[in-house]
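See structure below.
Protein chains in written order, with the numbering used here: chain A, 277 to 519; chain B, 277 to 519.
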């Protein structure tokens, strides 16, 4: 391990060109920054991409929970601060605070699993045990992700085939792209009227270029459940609370 | 005008999380940075979003031409340097050089038109005449974009309906999303075998959330022409030279 840096902070300026129709940072671009900042911190701690490669391992995002009072707006400077809440030999829990100046506008919880690059199955990370010393006692005041249950009733379904621009470094569908497919189930007018108070996604399987999926949506009042399902079962499950 | 800064440079570190299946910066993310760096320079010159709003105008990307020897690779530091080649009362030509250390890996040419925010038609920018003094004598050694002609024969067509995540700050389809739809016409294996030596796109009309389009592809050897066509005609035309 390179150095014990318990917190890592990255400041961003939100350019107009990156905004969505609500003139805010899109949730997809926000999640991308969450992953980038996590990667930066892991690099600093010596367990980033290069550090993990030594063991033929790679971090894979398993769960992501975002709770925002509001999103950063056009031309606003915002910061993401990340720390490790918990590290054990199976996974790592990493939290984030989102601020604009002194104002805390949201929190994020993530769970990362190390997978073996060849077998794509969870790897043993006990040799990184010293990372436990990077655990921070800082609190993340949002609820942990609950268990995501299979949809009992489906209100609507859309089919989609993943394409080349959906694919990441590991030749699987990029984590962000699933979020995009989920959010695309509502149109621009819906996002004018409602904001996303809480967003949860649990990744269960990997999809590839050409994978054909059903995107199933079930909505009860302001809570929507979305599952993306391939031929071999559920790929990810998501829950959105609109306000 | 705030200050005469004839060149603007922005350095980036390419994180693994941002890479595509070829472990390089995707062309879409590259184009997004081109737009971001142009916006930063315009802001410095006082003719960014806020500066233009005073006249009820906004810059819209009209043409984009990218010629790369190679793309930035994972964990590589690269820089975009931009300057104005030509400024007149109808449009502005802005060029970019892309470097990794001392190595020049590519060039970009862009043409920007100022449109009236209400009518969405080209606006008069003669009051920005002093911007002409920011013109740089620096050369951009790639060919200007040629005229993009209608496809005479179509090899294949795909239909697509633009969704909420495709929409930008101005409530139109994001310029990057058209590039994505064009690139998605080839699968991952194609991009393993061929790299994009030159990419050109000319934006002709704006599309909205819900706009249904035909994506028409015609390919002769290593040159492909793609047009995205809505009910009211061509939305954009693109030409790709594979190598």
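Note that beta-carbon positions come from the ideal geometry of N, C-alpha and C, so glycine has one too.
Note down, in chain order, all residues in the stretch 334-355 of chain A with a beta-carbon under 8 Å from any beta-carbon belonging to chain B.
350, 351
Under 7 Å from any heavy atom of the ligand NAD, does the C-beta of residue 446 (chain A) make it?
Judged by which ligands are present, the structure shown has none, so any question about the ligand NAD falls away.
Compare the beta carbon distance of residue 354 (chain B) and residue 310 (chain B) with 8 Å and say whether it is the shorter of the two.
no
Starting from the Cα of residue 433 (chain B), find the closest Cα among B:475, B:457, B:296 and give me that residue.
Sorting B:475, B:457, B:296 by C-alpha distance to the C-alpha of residue 433 (chain B) places B:457 at the top.
By the 10 Å Cβ neighbour count, where 16 or more other Cβ atoms means buried, how is residue 415 (chain B) classified, buried or exposed?
exposed
Taking only beta-carbon atoms, is residue 368 (chain A) less than 8 Å away from chain B?
Taking Cβ atoms only, chain B never reaches closer than 8 Å to residue 368 (chain A), which makes this a no.
When we look at the beta-carbon of residue 493 (chain B) and count the other beta-carbons within 10 Å, is it buried (16 or more) or exposed?
buried
Relative to chain A, which residues along the stretch 284-303 of chain B have a C-beta separation below 8 Å, given in chain order?
291, 292, 293, 294, 295, 296, 297, 299, 302
Chain B partners of residue 312 (chain A), CB-CB under 8 Å?
291, 293, 294
Do you know offhand how far residue 509 (chain B)'s Cα is from residue 437 (chain B)'s?
15 Å
What does DSSP give as the partner residue(s) for residue 509 (chain A) in the beta ladder?
Bridge partners of residue 509 (chain A) according to DSSP: A:506.
Under a three-way DSSP split, which group does residue 470 (chain B) fall into?
coil
Closer than 8 Å to chain B by CB, residue 482 (chain A):
no
Residue range of the alpha helix (DSSP H) that includes residue 451 (chain B):
451-459
Please decide whether residue 325 (chain A) counts as near chain B, where near means a Cβ-Cβ distance under 8 Å.
yes
Sequence-distant residues of the same chain with beta carbon closer than 7 Å to residue 280 (chain B), five excluded per side:
Closer than 7 Å at Cβ, skipping near neighbours: 409, 410.
Would DSSP call residue 277 (chain A) helix, strand or coil?
Low per-residue confidence applies at residue 277 (chain A): pLDDT is 48, beneath 50, and the placement is therefore not dependable, though the value from the model is reported in the following sentence. Coil at residue 277 (chain A), not helix or strand.
For a cutoff of 8 Å on Cβ pairs, would you count residue 520 (chain A) as touching chain B?
Because residue 520 (chain A) is not part of the residues shown, which for chain A are 277 to 519, the question remains open.
Do residue 381 (chain B) and residue 390 (chain B) come within 8 Å of each other at the CB atom, strictly closer than that value?
no
Counting pairs of Cβ atoms below 8 Å between the stretch 325-342 of chain B and the stretch 469-484 of chain B, do you hit three or more?
Contact holds: three or more Cβ-Cβ distances are below 8 Å.
Integer Cβ distance of residue 441 (chain B) from residue 460 (chain A), believed to fall under 8 Å
5 Å
With a 10 Å radius around its C-beta and 16 neighbouring C-beta atoms as the bar for buried, classify residue 289 (chain B) as buried or exposed.
exposed
Please report the distance separating the alpha-carbon of residue 361 (chain B) from that of residue 404 (chain A).
Looking at the two C-alpha atoms, the distance is approximately 52 Å.
When DSSP labels each residue in this structure, what does residue 442 (chain B) get in the three-state scheme?
helix
For the stretch 449-464 of chain A, which residues have a CB atom closer than 8 Å to at least one CB atom of chain B, in sequence order?
456, 459, 460, 462, 463, 464
Roughly how many angstroms separate the alpha carbons of residue 376 (chain B) and residue 352 (chain B), rounded to a whole number?
The C-alpha of residue 376 (chain B) lies about 8 Å from the C-alpha of residue 352 (chain B).
Short of 7 Å in beta carbon distance, which residues of its chain neighbour residue 298 (chain B), apart from the five on each side in sequence? Order them along the chain.
467, 468
Beta carbons nearer than 9 Å to chain A: which residues of the stretch 430-445 of chain B have them?
439, 440, 441, 442, 443, 444, 445
Can you tell me whether residue 334 (chain B) is helix, strand or coil according to DSSP?
strand
Please decide whether residue 512 (chain A) counts as near chain B, where near means a Cβ-Cβ distance under 8 Å.
no
Using the C-alpha atoms, what's the distance from residue 306 (chain A) back to residue 277 (chain A)?
With a pLDDT of 48 at residue 277 (chain A), under the threshold of 50, the predicted position of this residue should be treated as unreliable, though the coordinate-derived value follows. One C-alpha to the other measures close to 28 Å.
Chain B contact for residue 488 (chain A) (CB, 8 Å cutoff)
no
Which residue marks the beginning of the alpha helix (DSSP H) containing residue 305 (chain A), and which one marks its end?
Note, residue 305 (chain A): alpha helix (DSSP H), 303-320.
6 Å CB neighbourhood of residue 313 (chain B) in its chain, flanking five on each side removed:
286, 356, 358
Quick check: what's the CA-CA separation for residue 334 (chain A) versus residue 303 (chain A)?
Rounded to whole angstroms, the gap between the alpha carbons of residue 334 (chain A) and residue 303 (chain A) is 24 Å.
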